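Just add 279 to wherever you are in the sequence shown, counting from 1, and you've got this note's numbering.
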Amino acid sequence: MFVILNIFIIFADENKLTLNLNNMEKTFIPEDNSVASIKIREQIIRDFYREWKERNPSQRKFNLSLKEYINIRMVSIIETSEHAAKNYLSTLAVLQLDAILIGAKKKSVKKTKKGNKNQKPFEKMLIMEYELTGIGIVKMTVGVRRRTHEKVQYCITAIDSIEKRHL
């Protein structure tokens, strides 16, 4: 007779709480909106992008709606980590990056914001949406670079949630 014991180790540091259960790592994402929790979520998003880039050396995914590649650049990480970290559901949405990059559908086109240095390299912004089970509708903003027309994921945020629909 064999008995398998679930051995787990909890790692805690100032950035996140991690549970290692039988070599399967799980990061706990704080749900409250305290300054400390927002900082933790921001670091989780940045770490996720770093790992994503290691797994995806081309740093892009083909979007079925646009029929073009959407690229991940430094501005993607900066904007998304700063905005998505403010909301628990937005943080969860970012962790579904591949599904959003591939499946989001274009909803509208907007001009760039004057005076915004992160939007300066872009001629316009595409507003795209994707519905994630358990999270709701997620908005992905994609910048279109001047001259090259390269599509760059700019920001991802949850704009609707299942809970809000039932209120």
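C-beta: ideal position from N, C-alpha, C; glycine also. Quick caveat, the model's predicted, so the values are computed rather than measured.
Residue i versus residue j - alpha carbon distance
i: Phe400; j: Arg425; result: Note that residue 400 is Pro in the sequence shown here, rather than Phe. Looking at the two C-alpha atoms, the distance is approximately 6 Å.
i: Ile438; j: Gly415; result: 8 Å
i: Met404; j: Met419; result: 10 Å
i: Asn366; j: Thr427; result: 33 Å
i: Leu374; j: Met407; result: 17 Å
i: Ile356; j: Ile379; result: 15 Å
i: Tyr433; j: Ile319; result: 21 Å
i: Asn312; j: Lys386; result: 29 Å
i: His362; j: Thr370; result: 9 Å
i: Tyr328; j: Gly422; result: 18 Å
N-terminal and C-terminal residue of the beta strand (DSSP E) that residue i is part of
i: Leu343; result: Looking at the DSSP string, Leu343 is not in any beta strand (DSSP E), and its letter there is neither H nor E.
i: Lys386; result: Lys384 to Lys389
Contact test: residue i Cβ vs the ligand SAM heavy atom, cutoff 7 Å
i: Met404; result: Because no ligand of any kind appears in the structure shown, any question about the ligand SAM cannot be addressed here.
Per DSSP, the bridge partner or partners of residue i
i: Met353; result: For Met353, which the question treats as bridged, DSSP gives no partner whatsoever.
i: Ala437; result: Val417
i: Tyr367; result: Partner(s): none; Tyr367 has no beta bridge.
i: Val314; result: DSSP output for Val314 lists no bridge partner at all.
i: Gly422; result: Met404 and Val431
i: Thr339; result: A small correction: the amino acid at residue 339 is Arg; Thr does not occupy that position in the sequence shown. For Arg339, which the question treats as bridged, DSSP gives the partners Asn350.
i: Glu410; result: Ile416
Cβ-based neighbour list, residue i, same chain, cut-off 8 Å, excluding 5 preceding and 5 following
i: Lys392; result: Gln398
i: Lys332; result: Gln338 and Ile351
Rounded distance between the beta-carbons of residue j and residue i, thought under 8 Å
i: Arg339; j: Asn350; result: 4 Å
i: Ala372; j: Ile308; result: Rounded, the Cβ-Cβ distance is 12 Å, inconsistent with contact.
Endpoints, the alpha helix (DSSP H) within which residue i is located
i: Glu310; result: First-last for Glu310: undefined, no H or E at that position.
Close Cβ partners of residue i (< 7 Å) along its chain, the five nearest in sequence each way excluded
i: Ile317; result: Ala364 and Lys365
i: Ser360; result: Glu321, Ile324 and Arg325
Any chain C beta carbon closer than 8 Å to residue i
i: His428; result: Of the protein chains in the structure, only one exists, and it is not chain C.
Cutoff 6 Å; reference residue i; Cβ partners in own chain excluding five residues on either side
i: Gly382; result: Tyr409
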